[in-house]
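Trainee: Numbering (full-length UniProt numbering), first residue to last: 1 to 716.
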Amino acid sequence: MKKIGLLVLIAILAAGFFYFDLHQLLTLQGLKSGLAQFETWRAESPLLVGGAFLILYVIVTALSLPGAVIMTLAAGALFDLGWGLLIVSFASSIGATLAFLVSRYLLQDMVQKRFGDRLKAINEGVEKEGAFYLFTLRLVPIFPFFLINLLMGLTTIRAVTFYWVSQVGMLAGTFVFVNAGTQLGQLESLSGILSPSLLLSFILLGVFPLIAKKLLNVIKARRVYAGFTKPKTFDRNLIVIGGGAGGLVSAYIAAAVKAKVTLIEANKMGGDCLNYGCIPSKALIKSAKVAQQMRHAEHYGLDSSEPTFSFKKVMARVHDVISKIEPHDSVERYTNLGVDVVQGYAQLIDPWTVEIKLNDGGTQCLTARSIVLATGARPFVPDLPGLNDVGYYTSDNLWEEFAKFDEAPKRLVVLGGGPIGSELAQSFARLGSKVTQVERATRIMAREDEEVSELVQKSMRSDGVTILTSHNAIRCEKEGDVKRLIVEKDGVESEIEFDALLCAVGRQARLEGYGLENLGIETKRTIVTNDYLETLFPNIFAVGDVVGPYQFTHVAAHQAWFAAVNALFGTFKKFRADYRVIPWATFVDPEVARVGLSEQDAKEQGIAYEMVRYGLDDLDRAIAESATKGFVKVLTVPGKDKILGVTIVGEHSGELLAEFVLAMKHGLGLNKILGTIHTYPTWAESNKYAAGEWKRAHTPERILAWVEKYHTWRRG
């Protein structure tokens, strides 16, 4: 009832404000017309007029009514710079705090309760650096001040902090507006608008946000770099730590623009993707797929047969593929491109200095104006009792260790139902292993739509994979040569005997061993960066798996461009990393590829959408190749052809997705795809037919009815 009463009071005051035309006074025209009368009142009763002005300003600000800017100008015109600045400074801060408190009282509990999860990061940021964050908003008026008052009331910042930061933060802006008001008050004719003092006031209004932004950067830099001595000269323009996709692209860009750059890598060039992830797994997937096609050759009019092969040769081919791609990422290639490649372990000494323990035993120390951290991620190993006793494999050691086997493990347990676990589980099943995949969630590939998970799960089970969803791994046991994994579902334990166990439950960022903790660089499962990929120190950037939010090779390369350009040219212009259109693919059979929103995402985020779906069982090329499993599903803005997201399941999905990625990146809708000629018969036609499904669903029936009448009339 108290909240309702307060709302009624606010509504009455706001209504009265407009009913009595008080808002007309708070316009530039109203200010000019009433200026003489106000000056008369001020001359007769300066304290009374000053106090009334202060109270009115507080009310206007507290109720978030329009006119605060005009009142600030009026303060300069009525009371001159000194008294005007004093009155407005306190009135605006008091009014803002009242608006803040009202917003908090009426809305905070409801908003935090409903959107607490989404606001968690904001609340943590406000709790940690709320004063500086608010100060930035106050000093650089990007958003209207009244909006800041209301929104900050929804956060957890203390009211006292809000008041004093507002008092200090708004002072510079208040000075500029009050000063402009003093000049407006002196206008006697239109020619007076060209007076030097008034022009200076307007120039200050225009350049103030730029000056304030520069000032904030200086303040932040002084605070962040306090205690460190910046070198007067630097050995390098850029040092890059890590030779994976993010590091290689960062170094390449720096060398391409003739910057002096050093790339530091302790192990193999090319990072996880080349040596342990994308490349070896895709090579294995291809061999496994061919073996499966031989088993089902009857689909192509041939005689089916059980493939005979040497597992050693399959694994040797995997390593042969790696060796053929290695030159693309080699020390020699990047040295020829102009990159100084150093092989060793890097350690951050200060924000500009890196110490390198060289692999040959020596030590080297380098300074650089900017540093890019591209240290990647490693497989996450669960804290499972007995795991070390039975032994396990991850993507880091799988390829070397399995290459020693004469045959694929007879009984393989795969922990994890994500993309990596699903790809490897299916591949080893096709190569002869009896595979059991264990996933604690209710379905595998839980980030995809449910129908996608079901289709993939059905396909994998047909390949012989035993999929245990909603099962928690409890412990491992070893009795003689017998190894077991104990799992639990609904309180009931069961055991799975195995010969090899593969951990594929995700990857974790590499955050230790190179000095983050020494510099106090913040980490929360990944390195914390801003939109420009800057860490706590604006000259130290982070890219790739170590920063997220997507652990994809192509995203690491994408981020590397922003980090390198911002590191080298950020003095002039900085670019925010753009994650609006991020594609990804899982190379199970059938493949799953996606960009933008899935239906699951749209529902969780409350985003309205329309969906069209085209089944590949209707595609001529798919029928010709006996590969009709799958579909193209497109989400669009209701009533429009703007693409919100696309999911493709089927052969060559990763390649088919590229057309939609291009369309979304450049704002092209389904009508453009429909109007593009696609070669017949190709898989790419499925994209056009999906666009056709959308067009058919949006047929203008009323117009066509008139067109039909027109054709009837034409026939006589």
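Ideal Cβ positions, reconstructed from N, Cα and C, are used throughout, including at glycine.
Keep in mind the model is a prediction, meaning the values are calculated, not measured.
Could you tell me which whole alpha helix (DSSP H) segments of length 4 or greater appear in the segment 556-637?
Mentor: 599-605, 620-624
Trainee: Which residues mark the beginning and the end of the alpha helix (DSSP H) in which Lys640 is found?
Mentor: Note, Lys640: premise wrong, no alpha helix (DSSP H); not H, not E.
Trainee: Look up Asn359 in the DSSP assignment and say whether it is helix, strand or coil.
Mentor: In this structure, Asn359 counts as coil in the three-state DSSP scheme.
Trainee: According to DSSP, which residues form a beta bridge with residue 739?
Mentor: What is shown of the chain runs 1 to 716, which leaves residue 739 out entirely.
Trainee: Exposed or buried, which one is His666 when buried takes at least 16 other CB atoms within 10 Å?
Mentor: His666 should be labelled exposed.
Trainee: Measuring CB to CB, does Gly246 end up less than 8 Å from Gln559?
Mentor: yes
Trainee: Determine the direct distance from the alpha carbon of Ala691 to that of Ile703, and round the result to whole angstroms.
Mentor: 21 Å
Trainee: For His711 and Arg696, I'd like the C-alpha separation in whole angstroms.
Mentor: 21 Å
Trainee: If you compare alpha carbons, which of Gly548, Glu479, Ala172, Glu306 is closest to Glu497?
Mentor: Glu479
Trainee: Determine the extent of the beta strand (DSSP E) in which Glu265 is found, giving its start and end residues.
Mentor: Judged by DSSP secondary structure, Glu265 falls within the beta strand (DSSP E) whose first and last residues are 261-265.
Trainee: Taking one C-beta from the segment 261-276 and one from the segment 331-344 each time, how about it: are there three or more such pairs within less than 8 Å?
Mentor: yes
Trainee: Are the segment 519-526 and the segment 356-364 touching by the rule of at least three beta carbon pairs closer than 8 Å?
Mentor: no
Trainee: Just to check my reading of the structure: Val588 and Thr375 have Cβ atoms closer than 8 Å, yes? What is that Cβ distance to the nearest angstrom?
Mentor: Their Cβ separation, rounded to whole angstroms, is 29 Å, which puts Val588 and Thr375 out of contact at 8 Å.
Trainee: Using alpha carbons as the reference points, say which of Ala99, Phe572, Thr308, Gly596 lies closest to Tyr609.
Mentor: Gly596
Trainee: Take Lys260 and list the residues in its own chain whose beta-carbon comes closer than 6 Å to its own, dropping the five residues that flank it on each side.
Mentor: Arg236, Asn237
Trainee: Rounded to whole angstroms, what's the CA-CA distance from His23 to Ala62? Just pull it up for me.
Mentor: Confidence in His23 is poor, its pLDDT being 49 and thus under 50, which makes the residue's placement too unreliable to answer from.
Trainee: What is the DSSP secondary structure of Lys214, reduced to helix, strand or coil?
Mentor: helix
Trainee: How about Val178 and Leu47: do their beta carbons lie closer than 8 Å?
Mentor: no
Trainee: Work out the CA separation of Trp694 and Gln292 for me, nearest whole Å.
Mentor: 36 Å
Trainee: Let me confirm a value: Thr363 is counted as buried when at least 16 other C-beta atoms fall within 10 Å, else exposed. Which label applies?
Mentor: Counting every other CB atom within 10 Å of its CB across the protein chains shown gives Thr363 a total below 16, marking it as exposed.
Trainee: Could you check how far apart the C-beta atoms of Gly243 and Cys273 are, in whole angstroms? I think they sit under 8 Å.
Mentor: With 8 Å as the limit, Gly243 and Cys273 do not qualify as a contact, their Cβ atoms being about 11 Å apart.
Trainee: Per DSSP, Ala346 forms a beta bridge with which residues?
Mentor: Ile356
Trainee: Quick one: residues in its chain with C-beta nearer than 7 Å to the C-beta of Val390, no 5 flanking neighbours on either side, listed in chain order?
Mentor: Cys476, Lys478, Lys483, Leu501
Trainee: Where DSSP assigns a beta bridge to Thr367, which residues make up the other side?
Mentor: Thr353
Trainee: Considering Phe541, what are the terminal residues of the beta strand (DSSP E) in which it resides?
Mentor: 540-542
Trainee: To the nearest angstrom, how far is the alpha carbon of Phe631 from that of Gly421?
Mentor: 23 Å
Trainee: Any idea which residues DSSP pairs Val341 with across the strands?
Mentor: Leu263
Trainee: Tell me whether residue 732 sits in a helix, a strand or coil according to DSSP, three-state version.
Mentor: Residue 732 lies beyond the residue range present for the chain, which begins at 1 and ends at 716; the question has no answer from this structure.
Trainee: In angstroms with no decimal places, state the Cα-to-Cα distance between Glu454 and Gly615.
Mentor: 15 Å
Trainee: What's the C-alpha gap between Leu56 and Asp531?
Mentor: 40 Å
Trainee: Using the rule of at least 16 other Cβ atoms within 10 Å of the residue's Cβ for burial, across every protein chain shown, is Gly76 buried or exposed?
Mentor: buried
Trainee: With Thr97 as the anchor, note down where its alpha helix (DSSP H) starts and where it stops.
Mentor: 68-103
Trainee: What is the DSSP secondary structure of Asn530, counted as helix, strand or coil?
Mentor: coil
Trainee: Less than 8 Å separating the beta-carbons of Val565 and Ala556?
Mentor: No, they are not a contact pair.
Trainee: Could you tell me the alpha carbon to alpha carbon distance between Phe405 and Met315, rounded to whole angstroms?
Mentor: Taking the Cα positions, Phe405 is about 9 Å away from Met315.
Trainee: Have a look at Gly418, Lys289, Glu326, Trp352 and flag the residue whose alpha-carbon is nearest the alpha-carbon of Phe234.
Mentor: Trp352
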